[in-house]
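Written out below as structure tokens is the structure these notes cover.
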Amino acid sequence: MLWDTLERVNRLRQVALNNPEFIRSAKAHEKALESQGVDNIKPLKRSTKLKKEKALSDIYQQSEFGYDPCDSPH
2 MLWDTLERVN RLRQVALNNP EFIRSAKAHE KALESQGVDN IKPLKRSTKL
52 KKEKALSDIY QQSEFGYDPC DSPH
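Read in order, the letters of the sequence shown are residues 2 to 75 in our numbering.
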């Protein structure tokens, strides 16, 4: 199925490249982009912050280990 799609897209691309109207439109589009000052804009990279390892005492700070809500022995 993927191969069929690739072949179909390739045939359509070849037809478009043989069409003078398509070539003219592509060149007009290229000039429009150049006049707008659109260059190869690189996406912004997010800065990676190093995460500090949490200590177990920080993770379980809000826990009460001695509290038994059932008051029954296990």
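Positions of the beta carbon are idealized from the N, C-alpha and C atoms, including for glycine.
Alpha carbon to alpha carbon, how far is residue i from residue j?
i	j	result
Asn20	Gln37	26 Å
Arg9	Ala29	26 Å
Arg12	Glu22	17 Å
Val16	Ile24	11 Å
Which of helix, strand or coil does DSSP assign to residue i?
i	result
Glu65	coil
Pro21	helix
Arg47	coil
Glu54	coil
For residue i, I'd like the list of residues in its chain whose CB is within less than 7 Å of its CB, leaving aside the five on either flank, ordered along the chain.
i	result
Ile60	none
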